[in-house]
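Quick note on numbering: the sequence shown equals residues 69 to 586 in this note's numbering.
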Amino acid sequence: MQGKRPLFFLAVVSGVVLAATAALAASASPTHRAATPKRGGSITIARIEDSQSFDKTNVFQNESIWITEQIMEPLYLAGKDGKTLNPWLATGYSQAKDGKTYTFTLRKGVKFSNGKPMTSADVKFSIDDARAQAKGWGYLDAAIKSITTPSPDTVVFHLKFAWAPFLADIALFANGIIPNHFAGQSRKAFYTHPIGTGPFMWDKRVVGQSVTLKRNPFYWQKGKPYLDKVTWTFVTDENTRELQLRGGQIQVDEFPPFNSITKLKSTPGVTMNLFPSTRTDYLGMNESYPPLADVHVRRAISYAIDRAAIVKSVLFGYGKPANSFLPPQVPYYSANAGGLQYDMTKAKAELAKSKFAKGFKVTLLVGAGAQVESAMGQVIQQSLKGLGINVVFKQEDTSTEFNDIGKRNYQLGFSYWTMDIADPDELVTFAIDPAGGAHSFYTGYNNPAVVKLSHKAQRETDPTKRAQLYAQLQKQAASDAFLNFLYYSPYRWATSSKLHGFYVYPLGNYHLEDAWLG
């Protein structure tokens with residue numbers, strides 16, 4: 069949210085450019101695992117942005133999503149490859165021949181962190197509540213007609229029509245299971261200290277500073293979690309996070325800056341991890357601003373951005389120019405998506421076709437202290453200057469920046485996406501369907517032909533035909549230049565060498581029940 073939910077990218081960048089470039093698909097360097105995990109101890113994870121909400125149905129930040137996933141779990145869960153699906157709170161399911169009825173068998177002995185058993189009534193309530201939230205992720209449950217509970221350990225989903233991504237949708241964090249009727253509380257009260265079946269349970273929060281979870285004594289995986297507590301702290305400054313990691317005050321540094329990767333790889337007591345990811349970074353263009361509603365202007369801007377230069381000078385080679393709004397690690401990504409790449413001749417030709425051939429002024433939001441955004445902004449500013457487009461920066465703190473883009477109170481703005489499910493439908497609907505809950509990635513983009521292709525793909529169960537539909541969709545969306553697809557990059561996490569079992573999945577989430585201190 070992970071989007072899920074775009075988040076804004078913060079990192080410190082120096083002016084030095086590494087001569088050698090690293091492959092995007094760099095294999096992860098997971099921490100060393102000793103033979104036998106040890107019980108006990110606490111860790112602190114320093115992250116770049118504070119959580120705004122812990123309501124699993126309406127969180128559009130990875131900073132909240134990745135925490136709530138330690139508390140609330142779904143029936144199925146994506147595996148380490150980010151593409152396969154594994155049974156979790158359900159042990160399996162059967163599907164009717166017409167593809168419209170799924171019967172799940174619940175795992176026996178699962179309890180919530182308050183000690184009460186999980187039953188089918190909890191599952192029905194949790195997912196009925198999730199699909200009712202129009203402003204959240206309910207759009208992913210749109211195919212569900214009704215849910216029935218023939219027994220305490222059986223749940224039946226009745227769909228309106230065959231729905232290809234259904235099992236992947238069920239594995240979404242928003243479909244995590246919580247107690248029936250919020251355990252007798254109001255929604256607002258419940259989500260100030262949520263209850264779930266996950267390895268950790270709520271402990272305390274200091275607003276704007278930290279969130280702490282403690283070990284769930286009723287967790288269904290015997291012997292797990294190993295850690296007693298996990299605390300997430302809000303530390304925007306990258307240098308401070310690195311100093312805290314090296315000094316032992318924290319054990320995990322979320323997203324260390326690209327320019328520190330090589331140094332951290334050789335730092336004693338630190339493991340620098342590069343995990344394969346589904347992360348894609350974008351430059352959003354709000355079509356409510358008249359120049360950006362012109363497809364020729366959007367194409368001109370897209371052609372004018374030198375993605376290779378950004379990867380080299382800003383990412384220090386740890387990335388790859390993006391050619392689609394879908395990342396390569398997602399099923400049905402098309403290598404021939406046709407994303408517009410750097411070509412100033414074509415950029416000038418496109419702008420000449422527009423109503424703004426003489427150029428215009430446009431404002432770019434930049435997060436305060438977000439030096440990667442600032443560095444990319446300067447590259448973009450210089451490139452667009454050659455088209456007569458005057459880019460001016462508007463600096464905001466990261467929370468305000470996030471909220472303004474979510475409200476479409478911007479003209480140009482940076483964002484990124486990480487997948488939450490093992491299917492392209494989540495991002496496709498979020499990005500190109502104005503009815504998908506985010507006004508097409510907060511841009512206002514609306515091409516009925518592209519939306520129609522996405523709807524066909526949702527109901528097409530033949531993988532070959534589905535791939536063809538998504539290939540057409542990606543090509544048309546790229547031609548419309550509704551977003552500037554910037555680059556793909558690995559997940560960067562620096563950890564203490566004393567921390568074992570910490571692994572970040574391609575969807576951005578991590579299973580802290582497997583983590584332990586040596």
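Here a beta-carbon is modelled for each residue, glycine too, at the ideal position from N, C-alpha and C.
Q.
With H, G and I counted as helix, E and B as strand and the rest as coil, what does DSSP make of Asp196?
A. Three-state DSSP puts Asp196 in a helix.
(Q) Excluding the 5 residues flanking Ser181 on each side, which residues of the same chain have their C-beta closer than 7 Å to its C-beta? (A) Once the five neighbours on either side are set aside, the close Cβ partners of Ser181 are Ile263, Gly264, Met269, Asn284 and Phe286.
Q. According to DSSP, is Val191 helix, strand or coil?
A. In the three-state reduction of the DSSP assignment, Val191 falls in the helix class, which pools H, G and I.
Q: Helix, strand or coil for Trp584, going by three-state DSSP, please let me know.
A: Note: Trp584 maps to strand in three-state DSSP.
**Q.** First through last residue of the beta strand (DSSP E) which encompasses Gln463
**A.** Taken as a continuous stretch (DSSP letters only), the beta strand (DSSP E) holding Gln463 covers Ile457 to Glu464.
Q: Any chance you could list the alpha helix (DSSP H) runs of at least 4 consecutive residues sitting entirely within the stretch 280–332, in chain order?
A: Every alpha helix (DSSP H) stretch that sits fully inside the stretch 280–332 and reaches 4 residues is listed by chain position as 306–315.
Q: For the beta strand (DSSP E) holding Trp561, just list the boundary residues, first then last.
A: DSSP places Trp561 in the uninterrupted beta strand (DSSP E) bounded by Tyr559 to Ser564.
Q.
Counting beta carbon pairs with one atom in the stretch 391–402 and one in the stretch 492–505, are three or more of them shorter than 8 Å?
A. Yes, the stretch 492–505 is in contact with the stretch 391–402.
Q. Which stretch, first to last residue, makes up the alpha helix (DSSP H) that contains Asp237?
A. Asp237 -> alpha helix (DSSP H) spans Phe234 to Ile238.
Q) What is the C-beta distance between Arg534 and Tyr350, in whole angstroms, given that I count them as a contact (C-beta under 8 Å)? A) Wrong, their Cβ atoms sit about 24 Å apart, outside the cutoff.
Q: Examine the ligand NAD and report whether any of its heavy atoms sits within less than 7 Å of the Cβ of Pro185.
A: In the structure shown, the ligand NAD is absent, as is every other ligand, since no ligand is present at all.
Q: Report the three-state DSSP secondary structure of Pro359 (helix, strand or coil).
A: Per DSSP, reduced to three states, the secondary structure at Pro359 is helical.
Q: Could you tell me how far apart the beta carbons of Pro574 and Thr346 are, in whole angstroms, since I believe they sit closer than 8 Å?
A: With a contact defined as Cβ atoms closer than 8 Å, Pro574 and Thr346 qualify at about 5 Å.
Q: Measure from the alpha carbon of Gly586 to the alpha carbon of each residue in Tyr578, Asn577 and Thr563, then state which is nearest.
A: Of Tyr578, Asn577 and Thr563, the smallest CA-CA separation from Gly586 is found for Thr563.
Q) Should Thr187 be labelled buried (16 or more other beta-carbon atoms within 10 Å of its own) or exposed? A) The residue is buried, with at least 16 neighbouring Cβ atoms inside 10 Å.
Q: Determine the DSSP secondary structure at Gly407, reduced to helix, strand or coil.
A: In this structure, Gly407 counts as coil in the three-state DSSP scheme.
Q: Put Pro98 into one of helix, strand or coil per three-state DSSP.
A: The predicted position of Pro98 is uncertain, since its pLDDT is 46 and thus under 50; no value can be drawn from it.
Q) Less than 8 Å separating the beta-carbons of Ser278 and Thr299? A) Yes. Within cutoff.
Q: Look at the alpha carbon of Gln120 and the alpha carbon of Thr104, and state the distance between them as a whole number of angstroms.
A: Near 37 Å, if we compare the C-alpha coordinates of Thr104 and Gln120.
**Q.** Segments of 4+ residues assigned as alpha helix (DSSP H) that fall wholly inside the stretch 439–517
**A.** With a minimum length of 4 residues, the continuous alpha helix (DSSP H) runs that stay inside the stretch 439–517 are 439–453, 466–474 and 493–500.
Q: Compute the distance between the beta-carbons of Ala539 and Ser402, then report whether it is under 8 Å.
A: With contacts defined as CB atoms closer than 8 Å, Ala539 and Ser402 qualify as a contacting pair.
**Q.** Within 8 Å, strictly: CB atoms of Gln138 and Pro267
**A.** Yes, the Cβ-Cβ distance between Gln138 and Pro267 is below 8 Å.
Q | DSSP bridge partner residues for Val593 (one or two, in chain order) | A | Residue 593 cannot be examined here, being either before or after the span of the chain that is shown, 69 to 586.
Q: Can you tell me which of the three DSSP states Ser422 falls into?
A: Coil, per DSSP.
Q. What do you reckon, are the CB atoms on Tyr144 and Ala158 nearer than 8 Å?
A. Yes, the pair counts as a contact, with Cβ atoms nearer than the cut-off.
Q) Since Ile111 and Val320 are thought to touch, with beta carbons under 8 Å apart, how far apart are those beta carbons, to the nearest angstrom? A) Correct: roughly 7 Å between the Cβ atoms.
Q) So Tyr207 packs on Gly512, CB below 8 Å; how close in whole Å? A) Going by Cβ atoms, the distance from Tyr207 to Gly512 rounds to 17 Å, so no, they are not a contact pair.
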